[in-house]
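J.: Mind having a look at this structure? Questions to follow.
2 protein chains.
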Amino acid sequence: MFEPVTMDKIVSLSRRRGFVFPSSEIYGGLGSTYDYGHYGVLMKNAIRSEWLRSMVQERDDIVALDSAIILNPRVWEASGHVAGFTDPLVDCRTCKLRFRADKLEDSQCGRKPSKRPGEASDCDLTEPRQFNLMFETQVGAMQDASSTAYLRPETAQGIFINFKNVSQLARRKPPFGIAQVGKSFRNEITPGNFLFRVREFEQMEMEFFVPPDQAERWYEYWIAERLRWHKSLGLRDESLRVREHDAEERSHYSSGTSDIEYLYPIGWQELEGVANRGNFDLSQHTEFSGTKLEWVEQDGNRYTPHVIEPAVSIERIFVALLCDAYDEEVVGERDRTVLHLSPRVAPVKAAILPLIPRDEGMATRARALYEELRRFHSVEHDESGQIGKRYRRQDEIGTPWAFTVDEQTIEDETVTVRDRDSLAQERLPIGGVRAWLDDALAREWHPPARS
Amino acid sequence: MFEPVTMDKIVSLSRRRGFVFPSSEIYGGLGSTYDYGHYGVLMKNAIRSEWLRSMVQERDDIVALDSAIILNPRVWEASGHVAGFTDPLVDCRTCKLRFRADKLEDSQCGRKPSKRPGEASDCDLTEPRQFNLMFETQVGAMQDASSTAYLRPETAQGIFINFKNVSQLARRKPPFGIAQVGKSFRNEITPGNFLFRVREFEQMEMEFFVPPDQAERWYEYWIAERLRWHKSLGLRDESLRVREHDAEERSHYSSGTSDIEYLYPIGWQELEGVANRGNFDLSQHTEFSGTKLEWVEQDGNRYTPHVIEPAVSIERIFVALLCDAYDEEVVGERDRTVLHLSPRVAPVKAAILPLIPRDEGMATRARALYEELRRFHSVEHDESGQIGKRYRRQDEIGTPWAFTVDEQTIEDETVTVRDRDSLAQERLPIGGVRAWLDDALAREWHPPARS
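Protein chains in written order, with the working numbering: chain S, 592 to 1042; chain L, 592 to 1042.
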């Protein structure tokens, strides 16, 4: 029977197979910072390129942008981040540590911790004060207040400040969108939960500019469209839901925000947020910069567009995909751990395996097939160990298909293709493998029923 | 006759067509910081993916890594950056500005500038002091020395500190490499020259770990291989050269460094550096971390691998490609500006144009062809303006082919394909366009002779 995967198992697989592991380990790490290994990079690249394909390449109403990480600091005054992007902190007079005032139940005084778990520690706390979550730095040779700048805490503002020139350059009129992928940084006081709350993360944000009277319609459209997209990546219906924020939860300027939530091992959590930001951002930047960020129609009618924003981080999709795909199965006489990843996001699309690597006929053919396929796809050649062990190694990283060159290949130039999910094997001509793989990758994919 | 392009023309085209433009413009900019528009993003993505394809996908001796931007600060002590990644600065006692002591000829006192151009200004300068080029920030809630961290000034160190776990996880032995693409940051005192010296840039670095006695051979190999790669992107032979650093120019630990230089409008400049870094980095991190970063062979023999590093930034390739591709030609009765970009790096691979957009038959067929092609490639549908104007618009962004749906298409279901470089037009069946484009993109490409 299927048992929900634990976060520990995901962390352990990620580390064991080099998807992602704690950063700077030889120096004792650095808080909740992670480095991505080979398969992690391939999978992140696939997620990023699927997002760009659906947001930019396959649409003609959205263009791409890549704005700088360190922007003019006035941007963050206009956006409200300098004044308001804060967490309340308290100091402990006993141990001198700092804690989040709104998360005191998770905190323990460093010198007088509570004796019993779950009980508040014996802290002597100051009144809360506001702590800004933006990383600060100094730009240029003068190290004073005038040189203070920030690492962006979101990519969105880089889009808003470019609204005017992009809309002119791209010859687009509302409704149209600007999409951006890139790193953002937040100095989280209590990072943790694997990749959930990390200090640097990769956002994929799209700001969709619409006439005010179309805002509600497009807000609904983007909730549905993003939900559809996550399902198209293979996430199961029953692990996804849409939750609308109530009035208290959402930003003061937002007239509607919905989270697409995923049922992670730690419970329902935000996977992607879709917000109706109104005209708040463009109005703020108009006020602070003195440049009118508005849309002028051919008849002279002008308005400040409203903005619908679907915003997601690669990290949250990455974890959701691993959790959704993870399974431990009993196959024949042995267990296997398998990732039932959609071929579109699997780090390796196919493995090419010579059954008996020391057999020159098999080795040569397998190598040639590998060298043909790798020109077009991320594929792997593996000649190390028993064939069963090699299959399991590929199952564990989610490789959808394995092509095996065996004795019969020498006779009739066919290979077997093994399906990761069904474990079915069939033979096909070695010359037809490339076309077979192209077709297989283009097919729609649905996750198998859970074991 | 061909005239070498000026940097001004590249800057102007980049701005006009939205490849890249000054960042935070509505707030008066921020030093030499740039934002990339739609075509710039598409082109950068193409460059990045060509690099990853040649470095990772098409090789089995190199794996990918994506390490954090903010690493444990001890990393930068071990690497020598905290102590030595500096420029000498002097203060002017008159105007209080700071200048680079080694670039005083470019500096002018803010209050007593020289009267004649080229003449030193009347500065009253302090003795030089060393200024570190790493951006500093504070991580976590405690804002003191213990929380100081740096934005990485290079991606390479994130690779070195992961040598041990990556070599184990990836089941590779020397010679093997680890490749990484990502942002790096340098607090340049005098940024400038368009994208040449910017404070944030995207590096593509590969560290190749080899047995010490193979270092020289691999150093030569990587110089040749990287030169070949730049030519494969379409850069002309005569604009590329290899220049070996003399002993004074290279880092103290390097036993050989060569620049692959490109003839930019500002002269021969580094496009990519290939360095034989010896065992300096792994030895330093072994010493500072206490973790042995060495290779142990099956017979127990152990050594610290030497490292060959080809390192390049996307920005420098981006500018080289634009300069190499730029041409102003007289075609028929009108001039055109054209980018002869290799199809592999062109932001848009093909344009689909209905000759008469208000003709429903043409409009429908063009739209259907566009929707078919965009599933696989970056293509553009343009129905705005005279056909000649649309061709020129595509020429200027380097689109290699345009498919035009015209009267004859309605009769015989063929379209014309127009070649950007030769301007030749031929007809082909509309149903065969996708296969034609796939083939065309897979062909080797050479830049046309200059006009």
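Ideal Cβ positions, reconstructed from N, Cα and C, are used throughout, including at glycine.
Source: prediction; values computed, not measured.
Buried or exposed for N892(L), please, with buried defined as at least 16 other CB atoms from any protein chain shown within 10 angstroms of its CB.
T.: In the second sequence, the residue the question calls residue 892(L) occupies position 301. Looking at its Cβ environment, which holds fewer than 16 other Cβ atoms inside 10 Å, N892(L) is exposed.
J.: Would you say M733(L) lies against chain S (beta-carbon separation less than 8 Å)?
T.: On the second sequence, position 142 is the one that residue 733(L) refers to. It does: the Cβ of M733(L) has a partner Cβ on chain S nearer than 8 Å.
J.: Are the Cβ atoms of I851(L) and R817(L) separated by less than 8 Å?
T.: Numbered from 1 along the second sequence, position 260 holds the residue referred to as residue 851(L). Numbered from 1 along the second sequence, position 226 holds the residue referred to as residue 817(L). In this structure, R817(L) lies closer than 8 Å to I851(L) by Cβ.
J.: Distance cutoff 8 Å, beta carbons only. Does Y982(L) sit that close to anything in chain S?
T.: Reading the second sequence from its first residue, position 391 is the one you call residue 982(L). Not closer than 8 Å to any Cβ of chain S, the Cβ of Y982(L) fails to qualify, so no.
J.: Can you find at least 3 beta carbon pairs, one from the stretch 735–753 of chain L and one from the stretch 792–803 of chain L, that sit closer than 8 Å?
T.: Judged by Cβ distances under 8 Å, the stretch 735–753 of chain L makes contact with the stretch 792–803 of chain L, as three or more pairs qualify.
J.: Out of E963(S), P765(S), H836(S), R606(S), state which residue places its alpha-carbon closest to the alpha-carbon of T895(S).
T.: In the first sequence, the residue the question calls residue 895(S) occupies position 304. Taking only the C-alpha atoms, the option nearest T895(S) is P765(S).
J.: Using a Cβ-Cβ distance cut-off of 8 Å, determine whether K774(L) contacts chain S.
T.: Locating residue 774(L) in the second sequence gives position 183, where the first residue counts as 1. For K774(L), the answer is yes, since a Cβ of chain S falls inside 8 Å of its Cβ.
J.: Listing by chain order, which chain L residues have their CB less than 7 Å from the CB of S615(S)?
T.: The residue you call residue 615(S) lines up with position 24 of the first sequence. Near S615(S) (Cβ distances below 7 Å), the residues of chain L are L662, N663, V666, I752.
J.: Once DSSP output is grouped into helix, strand and coil, what is the label at D713(S)?
T.: Here residue 713(S) is taken as the residue at index 122 of the first sequence, counted from 1. Coil.
J.: Any Cβ of chain S within less than 8 Å of the Cβ of L966(L)?
T.: Here residue 966(L) refers to the residue found at position 375 when the second sequence is read from its first residue. The displayed chain sequence assigns Arg, not Leu, to residue 966(L). It does: the Cβ of R966(L) has a partner Cβ on chain S nearer than 8 Å.
J.: Is it true that the stretch 606–625 of chain S meets the stretch 644–662 of chain L, where meeting means three or more beta-carbon pairs spaced less than 8 Å apart?
T.: Yes, since at least three Cβ pairs between the stretch 606–625 of chain S and the stretch 644–662 of chain L fall closer than 8 Å, the two stretches touch.
J.: Which runs of the beta strand (DSSP E), 3 residues or longer, sit entirely within the stretch 749–834 of chain L?
T.: The qualifying runs are 767–776, 791–801.
J.: Does G1065(S) come out as helix, strand or coil in the three-state DSSP assignment?
T.: The displayed coordinates of chain S run from 592 to 1042. Any statement about residue 1065(S) would go beyond what the structure contains.
J.: Is there at least one Cβ from chain L nearer than 8 Å to E798(S)'s Cβ?
T.: Translated into the one-based positions of the first sequence, residue 798(S) becomes position 207. Closer than 8 Å: no.
J.: Could you pull the start and end residues of the beta strand (DSSP E) that I851(L) belongs to?
T.: Within the second sequence, the letter at position 260 stands for residue 851(L). It spans 847–855 - the beta strand (DSSP E) in which I851(L) sits, taken as one unbroken run.
J.: On a Cα-Cα basis, can you pick out the residue from R1034(L), V903(L), D693(L), L854(L) that is closest to F722(L)?
T.: For the purposes of this step, residue 722(L) is taken as the residue at position 131 of the second sequence. When only C-alpha atoms are compared, the closest one is D693(L).
J.: Determine, for F722(L), whether the minimum Cβ-Cβ distance to residues of chain S falls below 8 Å.
T.: Numbered from 1 along the second sequence, position 131 holds the residue referred to as residue 722(L). Taking Cβ atoms only, chain S reaches closer than 8 Å to F722(L), which makes this a yes.
J.: Is it true that the CB of S849(L) sits closer than 8 Å to the CB of V865(L)?
T.: In the second sequence, counting from the first residue as 1, residue 865(L) sits at position 274. In the second sequence, counting from the first residue as 1, residue 849(L) sits at position 258. Yes; because the gap between Cβ atoms is below 8 Å, this pair is in contact.
J.: Taking 6 Å as the limit between beta carbons, can you name the residues of its chain near V632(S), skipping five residues before and five after?
T.: If you number the first sequence from 1, residue 632(S) lands on position 41. Nothing meets the Cβ criterion.
J.: With which residues is D682(L) paired in a DSSP beta bridge?
T.: By one-based count along the second sequence, residue 682(L) stands at place 91. Bridge partners of D682(L): R689(L).
J.: Could you check what DSSP says for T746(L) in three-state terms: helix, strand or coil?
T.: Locating residue 746(L) in the second sequence gives position 155, counting from the first residue. Reduced to three states, the DSSP call for T746(L) is coil.
J.: Can you confirm whether A941(L), when its beta carbon is compared against all beta carbons of chain S, has any partner nearer than 8 Å?
T.: Residue 941(L) sits at position 350 when you count from the first residue of the second sequence. No, no contact with chain S.
J.: Three-state secondary structure (DSSP) at E649(L)?
T.: For this step, residue 649(L) is matched to residue 58 along the second sequence. E649(L) falls in the coil class under three-state DSSP.
J.: Note the first and the last residue of the continuous beta strand (DSSP E) segment covering A740(L).
T.: Position 149 of the second sequence holds residue 740(L). 739–741 is the span of the beta strand (DSSP E), which, as asked, contains A740(L).
J.: When the Cα of L944(L) is compared with those of H931(L), L960(L), V929(L), which residue comes out closest?
T.: Along the second sequence, read from residue 1 onward, the residue named residue 944(L) stands at position 353. The shortest Cα separation from L944(L) among H931(L), L960(L), V929(L) belongs to L960(L).
J.: Since E839(L) contacts R868(L) with CB under 8 Å, what's their CB separation in whole angstroms?
T.: On the second sequence, residue 839(L) is found 248 positions in, with the first residue counted as 1. On the second sequence, residue 868(L) is found 277 positions in, with the first residue counted as 1. Rounded, the Cβ-Cβ distance is 17 Å, inconsistent with contact.
J.: Quick check on the DSSP output: the alpha helix (DSSP H) that includes A669(S) runs from which residue to which?
T.: Against the first sequence, residue 669(S) aligns to sequence position 78. 665–669 is the span of the alpha helix (DSSP H), which, as asked, contains A669(S).
J.: Roughly how many angstroms lie between the CA atoms of P613(L) and W809(S), to the nearest whole one?
T.: Counting from one through the second sequence, the residue named residue 613(L) turns up at place 22. Counting from one through the first sequence, the residue named residue 809(S) turns up at place 218. One C-alpha to the other measures close to 31 Å.
J.: Using the beta-carbon of each residue, which ones in chain S are nearer than 7 Å to F726(L)?
T.: Here the question's residue 726(L) lines up with position 135 in the second sequence. By Cβ distance, chain S contributes T728.
J.: For E919(L), collect the residues of the same chain with a Cβ closer than 7 Å to its Cβ; drop the 5 residues on either side in sequence, then sort them by chain order.
T.: Residue mapping note: residue 919(L) aligns to position 328 of the second sequence, counting from 1. Here the set comprises D926, T928.
J.: Determine which residues of the stretch 876–899 of chain S have a Cβ less than 7 Å from any Cβ of chain L, and write them out in chain order.
T.: Those would be H876, S880, T882, in chain order.
J.: How many angstroms separate the CA atom of R965(L) from the CA atom of L1014(L)?
T.: Position 374 of the second sequence, counted from the first residue, corresponds to residue 965(L). Position 423 of the second sequence, counted from the first residue, corresponds to residue 1014(L). The alpha-carbon atoms of R965(L) and L1014(L) are separated by roughly 23 Å.
J.: Counting contacts by CB-CB distance shorter than 8 Å, is N778(L) in contact with chain S?
T.: Reading the second sequence from its first residue, position 187 is the one you call residue 778(L). Interface residue, yes.
J.: Is there at least one Cβ from chain S nearer than 8 Å to G622(L)'s Cβ?
T.: For this step, residue 622(L) is matched to residue 31 along the second sequence. Cβ-Cβ to chain S under 8 Å: yes for G622(L).
J.: Just reading off the beta strand (DSSP E) that Y917(S) is part of, what are its end residues?
T.: Along the first sequence, read from residue 1 onward, the residue named residue 917(S) stands at position 326. That run of the beta strand (DSSP E) goes 917–922.
J.: Does the beta-carbon of M634(S) have 16 or more other beta-carbons within 10 angstroms, so that it is buried, or is it exposed?
T.: Working through the first sequence from its first residue, we reach residue 634(S) at position 43. M634(S) comes out buried.
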